[in-house]
Every structure is written in C-alpha cells, then in structure tokens.
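See structure below.
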Amino acid sequence: MDKKTKSVLIYIGELVVMALVTFAVFTYIVKPVHIEGQSMNPTVHDNDLALVNVIGLKTEGVERFDVVIIDSDRLSEHLIKRVIGLPNETITYQDDVLYVDGVAIAEDFLDPEFVETSKQETGSALFTNNFTYTLGEGEYFVMGDNRLRSEDSRALGPFTIDEFMGKNGMAIYPFDHFGWIE
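Count along the sequence shown from 1, add 6, and you get the number used in our numbering.
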C-alpha cells in the first residue's frame with residue numbers, strides 16, 4: 007500500500023470514529039432541543055437552543071423541580087416543563103402556594119417580578135389556579151414556569167419517566183441566554 011492510500015484510509019478511519027463518537031454523545035449523553043413557546047419563561051425562552059442531559063435522567067432519575075423535555079406519543083411536539091409532583095403524591099395549589107401531601111413547598115425558582123407582571127398583564131388574581139391532583143404509581147405532574155401561558159399536566163394529565171427525553175441541561179443559543187437550565 008502506498009503512502010497516499012494509507013493516508014486516505016487513516017483519514018477515513020478518523021472521520022468514522024468522529025461520527026460514531028458524535029452519534030453516541032448526541033444519543034446517550036446530551037440531546038439538542040429547540041425550545042418553542044413561552045410556557046417556561048423566564049427560565050428558557052421561545053426559540054432558544056438547548057442541550058438536555060440524557061444520561062442524568064437515566065443515572066439520577068427525576069427529582070422535584072427538575073426541568074424535563076417530554077417526548078410522548080400523545081403529543082404532536084416536544085414539551086419543556088418543570089416537575090412539580092412525584093409518584094403517589096397529592097399536589098395542591100391554593101392561593102399561589104404549592105402543597106405536597108399537605109405541606110407547603112417554596113417554589114424559589116419562580117421570579118417574583120415575572121409572576122406579578124404576568125398577573126397584571128392577564129388581569130389574573132392568581133399565577134396558578136387553585137386545584138388538587140393525586141398522582142398514581144410512576145406518574146409525574148409537570149407545569150410550565152409561565153403558569154398563565156402553559157399547557158401542562160393541568161390539561162394533559164400526568165406523564166411517566168418513559169416519556170421524558172432528558173432533564174435540565176444548558177441553553178446554548180442565543181448567546182445572551184447561555185447558561186444552565188435549572
């Protein structure tokens with residue numbers, strides 16, 4: 007084999023290895039996601055591009071207040087929402103306070119200024135309507151951070167971990183939105 011042929015074969019081999027590594031990373035570690043809609047404002051914004059953590063979902067599971075990407079057969083598109091309720095819990099919202107099994111839980115991730123502005127813009131007295139929902143085995147209750155403009159478990163019902171594609175991650179574009187999704 008001459009030197010030129012050997013160089014070409016090495017180059018092709020390197021390209022194949024890079025393609026396999028790229029495929030593995032974007033299949034098993036992170037997935038790129040285009041954010042559509044305003045239901046998670048101000049955490050992530052319409053038209054943001056993000057990388058979500060696939061491996062963390064598999065190794066760490068889901069915790070309350072994780073941000074998840076939902077890929078469900080019952081939906082026409084992916085959703086990004088925040089996990090509010092875990093399996094077998096009773097979730098209650100009363101006067102904008104979250105109660106889990108009767109215990110008040112602070113939602114420190116919500117921006118108070120955003121909440122007040124949203125209520126004023128929509129003329130709503132509450133950011134989250136009052137309701138109670140009891141989850142079954144393996145069910146998760148999810149909501150958007152922009153409660154007044156979110157279609158979530160309040161309308162769609164609960165989701166299972168098998169319907170989650172990834173969790174948390176990082177907004178990568180536009181660059182002024184760059185940062186961890188928490």
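We put the beta carbon where it would ideally sit given N, CA and C, even for glycine.
Residues in its own chain within less than 7 Å of residue i by CB, not counting five upstream and five downstream?
i	result
residue 56	39, 41, 50, 175, 176, 177, 178, 187
residue 173	58, 59, 62, 63, 68, 72, 73, 74
Any idea what DSSP makes of residue i, helix, strand or coil?
i	result
residue 90	strand
residue 27	helix
residue 106	strand
residue 161	helix
residue 16	helix
residue 44	coil
residue 58	strand
residue 184	coil
residue 68	coil
residue 33	helix
residue 11	helix
residue 166	coil
residue 137	strand
residue 120	helix
residue 154	helix
residue 195	Past the boundaries of the shown model lies residue 195; the chain is included only from 7 to 188, so the question cannot be answered.
residue 128	helix
residue 50	coil
By Cβ distance, which residues of its chain are closer than 6 Å to residue i, with the 5 residues on each side in sequence left out?
i	result
residue 152	44, 45, 47
residue 78	169
residue 128	154
residue 124	154
Here's the rule I'm using: 16 or more other beta-carbon atoms within 10 Å means buried, otherwise exposed. How should residue i be labelled?
i	result
residue 149	buried
residue 58	buried
residue 121	buried
residue 159	buried
residue 116	buried
residue 145	buried
residue 156	buried
residue 54	buried
residue 32	exposed
residue 184	exposed
residue 147	buried
residue 88	buried
residue 165	buried
What distance in whole Å lies between the Cβ atoms of residue j and residue i, which are believed to be in contact at a cut-off of 8 Å?
i	j	result
residue 3	residue 139	The structure shown does not extend to residue 3, since the chain is modelled only from 7 through 188, so no value can be given for it.
residue 60	residue 36	6 Å
residue 76	residue 169	6 Å
residue 104	residue 90	7 Å
residue 92	residue 130	Incorrect: roughly 27 Å between the Cβ atoms, too far for contact.
Checking contacts by CB at 8 Å: is residue i closer than that to chain C?
i	result
residue 55	No chain C appears in the structure shown, which is made up of a single protein chain.
Might you give, ordered along the chain, the residues of its own chain that have their beta carbon closer than 8 Å to the beta carbon of residue i, omitting 5 neighbours on each side?
i	result
residue 107	95, 96
Touch test, the region 126-139 against the region 99-109, Cβ-Cβ under 8 Å, three pairs minimum: yes
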